[in-house]
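Data block below; observations after.
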Amino acid sequence: MNDDSRRYVFLSATFLSKQYKSIPADVLESCIFFFGSKRSWLFPASREEMLEARSLPTRYLEFDEEFKSLVLHKEAQRQVFWLLPGKDFSKGSAFLEAITDPASKKGYRPLILDESWWLGDFNSKDAKFCKDARLIVNNFKQGEFDYDAVMELLYQSNPTLVPTLYWAES
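All residue numbers for the sequence shown refer to our numbering, where the first residue is 156 and numbers rise by one.
Here it is, written out as C-alpha coordinates:
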(Lines of atoms letter the chains of each structure in order from A and count residues from 1; the text may use other names and numbers.)
(Lines give C-alpha, C1' and ligand atoms only; values in the text may rest on other atoms or scores of the structure.)
Protein backbone atom coordinates (compact mmCIF):
# COMPACT_ATOMS: atom_id res chain seq x y z
CA MET A 1 0.00 0.00 0.00
CA ASN A 2 1.25 3.46 -0.85
CA ASP A 3 2.03 5.71 2.16
CA ASP A 4 0.54 9.09 1.22
CA SER A 5 3.35 11.03 2.93
CA ARG A 6 6.02 9.40 0.76
CA ARG A 7 6.43 9.70 -2.99
CA TYR A 8 8.29 7.28 -5.21
CA VAL A 9 10.90 8.66 -7.59
CA PHE A 10 11.80 6.36 -10.47
CA LEU A 11 15.31 6.93 -11.81
CA SER A 12 15.56 4.74 -14.88
CA ALA A 13 13.32 4.90 -17.92
CA THR A 14 14.76 1.56 -19.00
CA PHE A 15 14.02 -0.27 -15.75
CA LEU A 16 10.65 1.43 -15.41
CA SER A 17 9.64 0.48 -18.96
CA LYS A 18 10.06 -3.18 -17.99
CA GLN A 19 8.15 -3.05 -14.71
CA TYR A 20 5.56 -0.26 -14.89
CA LYS A 21 2.67 -2.67 -15.48
CA SER A 22 3.32 -4.30 -12.10
CA ILE A 23 3.30 -0.99 -10.20
CA PRO A 24 -0.01 0.00 -8.58
CA ALA A 25 -1.90 2.73 -10.45
CA ASP A 26 -1.93 5.05 -7.41
CA VAL A 27 1.85 4.85 -7.16
CA LEU A 28 2.27 5.62 -10.87
CA GLU A 29 -0.13 8.54 -10.59
CA SER A 30 1.67 10.14 -7.66
CA CYS A 31 5.29 9.27 -8.49
CA ILE A 32 8.00 11.41 -10.05
CA PHE A 33 10.30 10.41 -12.88
CA PHE A 34 13.85 11.72 -12.41
CA PHE A 35 15.68 10.30 -15.42
CA GLY A 36 19.37 10.52 -16.27
CA SER A 37 18.59 10.26 -19.97
CA LYS A 38 17.52 12.58 -22.78
CA ARG A 39 13.89 13.08 -23.67
CA SER A 40 14.82 12.81 -27.35
CA TRP A 41 15.94 9.20 -26.86
CA LEU A 42 12.28 8.25 -26.30
CA PHE A 43 10.70 10.98 -28.42
CA PRO A 44 13.08 12.00 -31.21
CA ALA A 45 12.00 15.14 -33.06
CA SER A 46 14.54 15.04 -35.88
CA ARG A 47 16.51 12.63 -38.02
CA GLU A 48 19.65 13.39 -35.97
CA GLU A 49 17.85 12.58 -32.71
CA MET A 50 16.48 9.37 -34.24
CA LEU A 51 19.97 8.32 -35.32
CA GLU A 52 21.37 9.10 -31.88
CA ALA A 53 18.61 7.08 -30.20
CA ARG A 54 19.25 4.15 -32.54
CA SER A 55 22.99 4.24 -31.78
CA LEU A 56 22.48 3.63 -28.06
CA PRO A 57 22.73 0.19 -26.45
CA THR A 58 19.33 0.71 -24.81
CA ARG A 59 16.55 0.44 -27.36
CA TYR A 60 14.53 3.46 -26.23
CA LEU A 61 12.64 3.59 -29.51
CA GLU A 62 11.30 0.09 -28.86
CA PHE A 63 9.67 0.97 -25.52
CA ASP A 64 5.99 0.15 -25.81
CA GLU A 65 3.51 2.88 -26.68
CA GLU A 66 1.63 2.50 -23.40
CA PHE A 67 4.82 3.30 -21.48
CA LYS A 68 5.57 6.28 -23.72
CA SER A 69 2.01 7.51 -23.11
CA LEU A 70 2.62 7.22 -19.37
CA VAL A 71 5.75 9.36 -19.68
CA LEU A 72 3.85 11.97 -21.71
CA HIS A 73 1.06 11.94 -19.10
CA LYS A 74 3.60 12.52 -16.31
CA GLU A 75 5.22 15.30 -18.35
CA ALA A 76 1.84 17.02 -18.65
CA GLN A 77 1.70 16.91 -14.83
CA ARG A 78 5.23 18.39 -14.65
CA GLN A 79 6.51 15.26 -12.92
CA VAL A 80 9.33 14.27 -15.30
CA PHE A 81 12.91 15.54 -15.16
CA TRP A 82 15.52 14.71 -17.81
CA LEU A 83 19.12 15.28 -16.68
CA LEU A 84 20.50 15.23 -20.20
CA PRO A 85 21.57 17.08 -22.21
CA GLY A 86 22.36 19.76 -19.57
CA LYS A 87 23.75 17.51 -16.81
CA ASP A 88 22.63 20.19 -14.37
CA PHE A 89 21.46 18.98 -10.98
CA SER A 90 20.50 22.54 -9.99
CA LYS A 91 17.76 22.27 -12.64
CA GLY A 92 16.74 18.98 -11.05
CA SER A 93 16.59 20.79 -7.73
CA ALA A 94 14.35 23.54 -9.16
CA PHE A 95 12.17 20.83 -10.71
CA LEU A 96 11.64 19.18 -7.31
CA GLU A 97 11.10 22.49 -5.50
CA ALA A 98 8.14 23.13 -7.83
CA ILE A 99 6.42 19.88 -6.73
CA THR A 100 4.40 19.78 -3.51
CA ASP A 101 5.60 17.32 -0.90
CA PRO A 102 2.46 15.58 0.41
CA ALA A 103 4.04 15.36 3.89
CA SER A 104 4.76 19.09 4.32
CA LYS A 105 2.25 20.50 1.81
CA LYS A 106 5.11 22.72 0.56
CA GLY A 107 7.52 22.35 -2.33
CA TYR A 108 10.28 19.82 -1.87
CA ARG A 109 13.49 21.16 -0.38
CA PRO A 110 16.37 21.95 -2.74
CA LEU A 111 18.82 19.18 -3.51
CA ILE A 112 21.87 19.38 -1.28
CA LEU A 113 24.43 20.44 -3.88
CA ASP A 114 26.85 21.87 -1.32
CA GLU A 115 30.14 19.99 -1.44
CA SER A 116 31.07 21.11 2.08
CA TRP A 117 27.85 19.62 3.51
CA TRP A 118 28.56 16.24 1.95
CA LEU A 119 32.23 16.24 2.97
CA GLY A 120 31.62 17.65 6.47
CA ASP A 121 28.07 17.28 7.75
CA PHE A 122 26.94 14.11 5.97
CA ASN A 123 27.08 11.14 8.31
CA SER A 124 27.63 7.97 6.30
CA LYS A 125 25.93 6.03 9.14
CA ASP A 126 22.70 7.72 8.04
CA ALA A 127 23.20 6.71 4.40
CA LYS A 128 20.55 4.58 2.81
CA PHE A 129 22.00 4.08 -0.69
CA CYS A 130 25.57 5.40 -0.85
CA LYS A 131 28.03 6.03 1.99
CA ASP A 132 30.73 7.57 -0.22
CA ALA A 133 30.33 11.36 0.01
CA ARG A 134 33.06 11.94 -2.60
CA LEU A 135 31.19 9.80 -5.13
CA ILE A 136 28.00 11.76 -4.48
CA VAL A 137 29.79 15.11 -4.86
CA ASN A 138 31.64 14.06 -8.01
CA ASN A 139 28.39 12.71 -9.42
CA PHE A 140 26.45 15.98 -9.11
CA LYS A 141 29.43 18.20 -9.97
CA GLN A 142 30.12 16.26 -13.18
CA GLY A 143 26.46 15.78 -14.06
CA GLU A 144 26.81 12.01 -13.92
CA PHE A 145 23.99 9.66 -12.98
CA ASP A 146 25.35 6.95 -10.72
CA TYR A 147 22.12 5.48 -9.41
CA ASP A 148 23.23 4.97 -5.81
CA ALA A 149 24.69 8.49 -5.59
CA VAL A 150 21.55 10.07 -7.08
CA MET A 151 19.32 8.06 -4.76
CA GLU A 152 21.32 9.22 -1.74
CA LEU A 153 21.22 12.84 -2.96
CA LEU A 154 17.45 12.67 -3.33
CA TYR A 155 16.94 10.91 0.00
CA GLN A 156 19.20 13.16 2.08
CA SER A 157 17.65 16.25 0.52
CA ASN A 158 14.05 15.06 0.96
CA PRO A 159 13.58 12.00 3.19
CA THR A 160 9.93 11.61 2.16
CA LEU A 161 11.08 10.75 -1.37
CA VAL A 162 11.55 7.06 -2.09
CA PRO A 163 14.19 6.76 -4.83
CA THR A 164 13.45 3.58 -6.76
CA LEU A 165 15.14 1.53 -9.45
CA TYR A 166 13.39 -1.80 -9.05
CA TRP A 167 9.80 -1.94 -7.95
CA ALA A 168 10.27 -5.39 -6.38
CA GLU A 169 12.77 -3.82 -3.94
CA SER A 170 10.38 -1.12 -2.78
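Idealized CB from N, CA, C, for every residue including glycine.
Do the CB positions of Ser121 and Ala258 come within less than 9 Å of each other? Missing from the structure shown is residue 121; the chain here goes from 156 to 325 and no further.
Do Val187 and Val235 have their CB atoms nearer than 9 Å? The residue labelled residue 187 in the question sits at position 32 within the sequence shown. The residue labelled residue 235 in the question sits at position 80 within the sequence shown. Correcting the residue identity first, residue 187 is Ile in this sequence and not Val. One thing to note: Ile187 has its Cβ within 9 Å of the Cβ of Val235.
Using 10 angstroms around the beta-carbon of His228, count the other beta-carbons present and answer buried if the total reaches 16, otherwise exposed. Here residue 228 refers to the residue found at position 73 of the sequence shown. Only exposed fits His228, as fewer than 16 other CB atoms lie within 10 angstroms of its CB.
Could you say which of Phe218, Leu266, Ser195 and Ser167 lies nearest to Ala208 if we only look at CA atoms? For the purposes of this step, residue 208 is taken as residue 53 along the sequence shown, with counting starting at 1. The shortest Cα separation from Ala208 among Phe218, Leu266, Ser195 and Ser167 belongs to Ser195.
Verify whether the separation of the beta carbon atoms of Pro240 and Leu216 is less than 9 Å. One-based indexing of the sequence shown puts residue 240 at position 85. One-based indexing of the sequence shown puts residue 216 at position 61. No, these two residues do not count as a Cβ contact at 9 Å.
Helix, strand or coil at Ser160 [DSSP, three-state]: Counting from one through the sequence shown, the residue named residue 160 turns up at place 5. Coil at Ser160, not helix or strand.
With respect to the alpha helix (DSSP H) encompassing Leu216, which residues constitute its N-terminal and C-terminal limits? For this step, residue 216 is matched to residue 61 along the sequence shown. Neither: Leu216 is in no alpha helix (DSSP H) and is coded neither H nor E.
Who are the Cβ neighbours of Ser172 in its own chain at under 6 Å, not counting the five residues just before and after it? Here the question's residue 172 lines up with position 17 in the sequence shown. Cβ neighbours of Ser172 beyond the five flanking positions: Phe218 and Phe222.
Considering only C-alpha positions, which residue in the set Glu203, Thr255, Val292 and Tyr175 is nearest to Asp276? Position 121 of the sequence shown, counted from the first residue, corresponds to residue 276. With distances taken between CA atoms, Asp276 lies nearest to Val292 out of Glu203, Thr255, Val292 and Tyr175.
Measuring alpha carbon to alpha carbon, tell me which of Leu320, Lys296 and Lys286 ends up nearest Tyr302. Locating residue 302 in the sequence shown gives position 147, where the first residue counts as 1. Here the closest residue by C-alpha is Leu320.
Simplified DSSP state of Thr319, which is helix, strand or coil: On the sequence shown, position 164 is the one that residue 319 refers to. In this structure, Thr319 counts as strand in the three-state DSSP scheme.
Between which residues of its own chain and Lys286 is the CB-CB distance below 6 Å, once the five residues before and five after are set aside? In the sequence shown, counting from the first residue as 1, residue 286 sits at position 131. Ser279.
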